[in-house]
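J.: Structure provided below as structure tokens; questions to follow.
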Amino acid sequence: MRTLRINLDAIVHNLDVMRARASGAKVMGVVKANAYGHGAVEVSRTLERAGVDYLGVADVQEALELRAAGIHTPILAWLHDPADNFQAALSQKVDLGIANLEQLERIALAAAITGETARLHLKIDTGLGRNGSTVAKWAELLDAVLALGEAVRVIGIFSHLSTTSRDEDLTQIEKFDSAVAEAKRRGISFDLRHLTASDGSLTFPEAHYEMVRIGVALYGLDPFSTNRSAEFGLIPAMTAISQVSQVKTVPAGHGVSYNFLHRTSNETNLALIPVGYAEGLPRAASGKAEVSIGGKRYRIQSQIAMDQFVLDVGNDPIRVGDEVVIFGDASLGVPSADDLATAAGTINYEIVTRMGGRFQREYVGEGL
Ligand SMILES: *Cc1c(COP(=O)(O)O)cnc(C)c1O
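Here the sequence shown stands for residues 972 to 1339, where the numbers follow my numbering.
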């Protein structure tokens, strides 16, 4: 009744597209937030078989779930909570992003208890103002890492761009290079510098370093949320589908759904679709978003409710059971995640990551 169809072949294709643009750098597939709503285990298995170099997640817990599912590819987790289980992370060979001394001390303790060497990626905040060491504290963090000797091994140094403007990003790239130089001056050796996500990887080929971190583009979505994924050769992997659950004829002047955002102007047919904001269809898109039935677009003129929305389909021969595409691959003529994002005043990332509720995920394609 409600399906998120995930095309694993599209994900493999998108990995190849982004790899071809990565100037020979390694590719980290970012699978945080349940692989942007696509299913972290299934997507990670597919990426592993397709030869991705690294997987990236925010939380240690996300990394542990992938290890429990039998994923062996190196995984980096970078967003930590005081309660995170660093011992389990080390035992499961999860690389850890490090932003400050407090995290380093907890990791050193976990390394001492488990006897494992902690694999670290030191994160420098080059301007985003989010996760990472400040420039001011960077030298202190580097010295503390050196003082730990063999208990830790620095695998990489990384940062993240704000994508505010080309100039702002170029300033961050300069700061990144200085932070890397500082680490080398202090005698820290490491193999991987990584800075760009999907958008930066497309915008700054000169900043691919040894690895790029690709999230949204793997799922076939335009990292700039400008509905141009096809221009980049990307294929959207998620199609959100439902079926018409009721059709009924109502007279002119009939109110439709809460607050009567829409009232019928003629005798017409109303089609009910069992997808609501509980499934991640944004209520803010009421009156604006379009869906596709049998290749024809219908605007959701009435208020999207928790479980359902209603379309005024006029005299079109819509029947119970007809497939309704809420969004998918725009090149097939259906609305895209970007279209729905625009209707809801947000970005495609937020659309796909929040798809859930009573949707069932269905995987198609070989994934290889
Ligand atoms: C989410 C995230 C990414 C991936 O970003 P996309 O824009 O989806 O490619 C890369 N790096 C970090 C640190 C992130 O948090």
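The C-beta atom is built at its ideal place from N, Cα and C for all residues, glycine as well.
At a cut-off of 6 angstroms, is residue 1069 close to ligand 1 when judged by its beta-carbon and the heavy atoms of the ligand?
T.: No, since every heavy atom of ligand 1 falls outside the 6 angstroms radius drawn around the Cβ of residue 1069.
J.: Please return the same chain residues whose Cβ sits closer than 6 angstroms to the Cβ of residue 1305, not counting the five positions on each side in sequence.
T.: The answer, listed in chain order, is 1263, 1296, 1299.
J.: Between the segment 1156 to 1176 and the segment 1270 to 1287, are three or more C-beta pairs nearer than 8 angstroms?
T.: These segments do not touch.
J.: With DSSP run on the structure shown, which of helix, strand or coil describes residue 1135?
T.: Here residue 1135 sits in coil by DSSP.
J.: Using the three-state DSSP reduction, which class does residue 1094 fall into: helix, strand or coil?
T.: Strand, per DSSP.
J.: In terms of DSSP beta bridges, what is residue 1240 paired with?
T.: Paired residues: 1220, 1285.
J.: Shorter than 6 angstroms, the distance from the beta carbon of residue 1051 to the closest heavy atom of ligand 1, or not?
T.: Result no, Cβ not under 6 angstroms from ligand 1.
J.: Classify residue 1267 as helix, strand or coil using the three-state DSSP reduction.
T.: Three-state result, residue 1267: strand.
J.: Counting Cβ pairs, one atom from each stretch, are 3 or more of them under 8 angstroms apart for the segment 1013 to 1028 and the segment 1209 to 1224?
T.: Short answer: they don't touch.
J.: Name the two residues that bound the continuous alpha helix (DSSP H) containing residue 1030.
T.: Residue 1030 -> no alpha helix (DSSP H), and no H or E assigned at all.
J.: Heavy atom of ligand 1 less than 6 angstroms from the Cβ of residue 1168, yes or no?
T.: Flag set: Cβ of residue 1168 near ligand 1.
J.: With 16 as the cutoff for other CB atoms within 10 Å, does residue 1231 come out buried or exposed?
T.: Residue 1231 comes out exposed.
J.: How many angstroms separate the CA atom of residue 1153 from the CA atom of residue 1108?
T.: Spanning the two alpha carbons is a distance of roughly 12 angstroms.
J.: Please report the Cβ distance between residue 1129 and residue 1165, rounded to the nearest whole angstrom; I am assuming they are in contact, meaning their Cβ atoms lie under 8 angstroms.
T.: Sure, about 5 angstroms apart at Cβ, within 8 angstroms.
J.: Output needed for residue 1319: all residues of its chain with C-beta closer than 6 angstroms, excluding positions within five of it in sequence on either side, in chain order.
T.: The residues are 1192, 1196, 1308, 1309, 1312.
J.: Could you check what DSSP says for residue 1228 in three-state terms: helix, strand or coil?
T.: Looking at residue 1228 - three-state DSSP - the assignment turns out to be coil, as it is neither helix nor strand.
J.: Counting Cβ pairs closer than 8 angstroms, one from the segment 1010 to 1024 and one from the segment 974 to 988, do we hit at least three?
T.: Flag = yes, the segment 1010 to 1024 and the segment 974 to 988 touch.
J.: Which partner residues does residue 1128 have in the DSSP bridge list?
T.: Paired residues: 1093, 1164.
J.: Counting only the same chain and skipping the five closest in sequence on each side, list residues whose C-beta sits under 6 angstroms from that of residue 1144.
T.: So the list reads 1178, once near-sequence residues are dropped.
J.: How many Å lie between residue 1163 and residue 1301 at the Cα?
T.: Cα to Cα, the separation comes out at about 36 angstroms.
J.: Just the C-alpha distance for residue 1172 and residue 1241, rounded to the nearest angstrom, thanks.
T.: Roughly 46 angstroms separates the two Cα atoms.
J.: In the DSSP assignment, what residue or residues form a beta bridge with residue 973?
T.: Looking at the DSSP assignment, residue 973 forms a beta bridge with 1213.
J.: Closer than 6 angstroms: is that where the CB of residue 1318 sits relative to any heavy atom of ligand 1?
T.: Every heavy atom of ligand 1 is 6 angstroms or more from the Cβ of residue 1318, so no.
J.: Any heavy atom of ligand 1 within a distance shorter than 6 angstroms of the CB on residue 1131?
T.: Residue 1131: yes, Cβ under 6 angstroms from ligand 1.
J.: Can you say whether residue 1229 is buried or exposed, counting buried as having 16 or more other CB atoms within 10 angstroms of its CB?
T.: The residue in question, residue 1229, is exposed, as its Cβ has fewer than 16 Cβ neighbours within 10 Å.
J.: What's the gap between the Cα of residue 1064 and the Cα of residue 1047?
T.: Whole-angstrom Cα-Cα distance: 9 angstroms.
J.: Since residue 1124 and residue 1101 are thought to touch, with beta carbons under 8 angstroms apart, how far apart are those beta carbons, to the nearest angstrom?
T.: That belief does not hold up - the Cβ atoms of residue 1124 and residue 1101 are roughly 25 angstroms apart, past 8 angstroms.
J.: Can you give the beta carbon distance from residue 1227 to residue 1235, rounded, assuming they're within the 8 angstroms contact cut?
T.: Rounded, the Cβ-Cβ distance is 7 angstroms, consistent with contact.
J.: Residue 996 and residue 1005 - do their beta-carbons sit closer together than 7 angstroms?
T.: Cβ atoms of residue 1005 and residue 996: not closer than 7 angstroms.
J.: What residue range is occupied by the uninterrupted alpha helix (DSSP H) comprising residue 1073?
T.: Segment 1072 to 1085, the alpha helix (DSSP H) holding residue 1073.
J.: Could you give the distance in angstroms between the alpha-carbon of residue 1059 and the alpha-carbon of residue 1037?
T.: Approximately 13 angstroms between the Cα atoms of the pair.
J.: Output yes or no for whether 7 angstroms exceeds the beta carbon distance between residue 1184 and residue 1323.
T.: Contact: no.
J.: Under a Cβ-count criterion, where at least 16 other Cβ atoms within 10 Å of its own Cβ denotes burial, should residue 1210 be classed as buried or exposed?
T.: By the 10 Å Cβ count, residue 1210 comes out buried.
J.: Using the rule of at least 16 other Cβ atoms within 10 Å of the residue's Cβ for burial, across every protein chain shown, is residue 1316 buried or exposed?
T.: By the 10 Å Cβ count, residue 1316 comes out exposed.
J.: Could you give the first and the last residue of the continuous alpha helix (DSSP H) run that contains residue 989?
T.: Segment 979 to 991, the alpha helix (DSSP H) holding residue 989.
J.: Excluding the 5 residues flanking residue 1268 on each side, which residues of the same chain have their C-beta closer than 6 angstroms to its C-beta?
T.: Cβ within range, chain order: 1261.
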